[in-house]
């Protein structure tokens, strides 16, 4: 069973090892998170982000970041409506890819955005060259918004919408 749990300091070495995987580096445009200080980010308690580890029957298999795109401090996504969340997802080991685990992690991550955080829209930004990921997101229900440069990377912004529920 796939579950998401909060990332902790003990996960940093694993994340750094996954980050060195050639497929992860290619999907994230080279030295993926070399600029990211995982330990410092884990110590920051910000209400607009969750750093999560995906586990399959208790075994870590991937990383998920959920970000409130409206409230996030750098405004990476620009001017977006309240209720817009962004998702970063990757499976760390090549042995875990192609086993439908990504679909199960995506199910948990999108459900968390919609149900726990009240999202009405989820954004994701694969590299335009990452046709495998784009195909996965399209099959999942994401639609293309358009290409956009984030730093030096040309990405395809995609969105998944859910109508707000009346409580």
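In UniProt numbering, the protein residues as written are 1 to 167.
Note that beta-carbon positions come from the ideal geometry of N, C-alpha and C, so glycine has one too.
Bear in mind that the values here come from a model prediction, so they are computed numbers and not experimental data.
Following the continuous beta strand (DSSP E) through residue i, name the residue where it begins and the one where it ends.
i	result
residue 133	It is not in any beta strand (DSSP E) - residue 133 instead sits in the alpha helix (DSSP H) that spans 131–140.
residue 1	Neither: residue 1 is in no beta strand (DSSP E) and is coded neither H nor E.
residue 161	153–161
residue 58	Unbroken run through residue 58: none, as it is neither H nor E.
In terms of alpha-carbon separation, which member of the options lies closest to residue i?
i	options	result
residue 142	148, 134, 149	134
residue 78	56, 10, 148	148
residue 109	37, 155, 62	62
residue 138	1, 103, 5	103
residue 76	150, 1, 83	150
residue 105	53, 82, 37	53
residue 2	100, 130, 128, 152	100
residue 131	71, 37, 155	155
Kindly indicate the opening and closing residues of the alpha helix (DSSP H) around residue i.
i	result
residue 7	Neither: residue 7 is in no alpha helix (DSSP H) and is coded neither H nor E.
residue 19	12–19
residue 48	Here residue 48 belongs to no alpha helix (DSSP H), and DSSP marks it neither H nor E.
State the Cα-Cα distance for the pair residue i and residue j, rounded to the nearest angstrom.
i	j	result
residue 17	residue 92	8 Å
residue 145	residue 60	32 Å
residue 20	residue 13	11 Å
residue 8	residue 58	15 Å
residue 33	residue 15	Because the pLDDT at residue 33 is just 48, under 50, the model does not fix this residue reliably, and the value given afterwards should be weighed accordingly. If you take the alpha carbons of residue 33 and residue 15, they lie about 9 Å apart.
residue 169	residue 123	Given that the chain is displayed from residue 1 to residue 167, the structure contains no residue 169 and the question cannot be resolved.
residue 89	residue 140	14 Å
residue 126	residue 56	24 Å
residue 113	residue 50	10 Å
residue 30	residue 10	A caution first: residue 30 carries a pLDDT of 49, below 50, which makes its placement in the model too unreliable to give a value.
residue 73	residue 48	9 Å
residue 85	residue 39	23 Å
residue 153	residue 81	24 Å
residue 6	residue 128	29 Å
residue 168	residue 111	Any question about residue 168 goes unanswered here, given that the chain covers just 1 to 167.
query: Can you find at least 3 beta carbon pairs, one from the region 61–69 and one from the region 37–44, that sit closer than 8 Å?
result: no
field: the region 154–162 contacting the region 111–126, beta-carbon criterion three pairs below 8 Å
entry: yes
message: So within the region 63–130, which uninterrupted alpha helix (DSSP H) runs reach at least 4 residues, ignoring any that extend past its ends?
response: 101–111
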